[in-house]
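The structure appears right after this line, and notes come after that.
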């Protein structure tokens, strides 16, 4: 449960402090394309963190098919034995 909390905290901090930090920088006026890219990267990063947090919360409830772990360990053992 630590990973989803950290991802959500990252998204909240980025969403609260990111716009203010990008707005007051002088380089965004000198290089507007770079400023737009920074805004888009921050938005994509926050959205990605929220999606990954949701998937991380969903992962403990997803069950693997019966016997999948045994098959995976057998494949790994055969691969390293040869």
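In my numbering, the protein residues as written are 121 to 202. We treat Cβ as the ideally placed atom computed from N, Cα and C, and that holds for glycine.
So, with DSSP's three-state summary, where would you put residue 121?
Assignment of residue 121 by DSSP, reduced to helix, strand and coil, places it in the coil class.
What are the boundary residues of the alpha helix (DSSP H) that includes residue 144?
From DSSP, residue 144 is part of no alpha helix (DSSP H); its letter is neither H nor E.
Leaving out the 5 sequence neighbours to the left and right, which residues in its chain are closer than 8 Å to residue 142 when beta-carbon positions are compared?
Only 148, 155, 158, 159, 162 meet the Cβ criterion.
From 190, 171, 178, pick the residue whose C-alpha is nearest to that of residue 130; which is it?
When only C-alpha atoms are compared, the closest one is 171.
With H, G and I counted as helix, E and B as strand and the rest as coil, what does DSSP make of residue 162?
Residue 162: helix per DSSP, three-state reduction.
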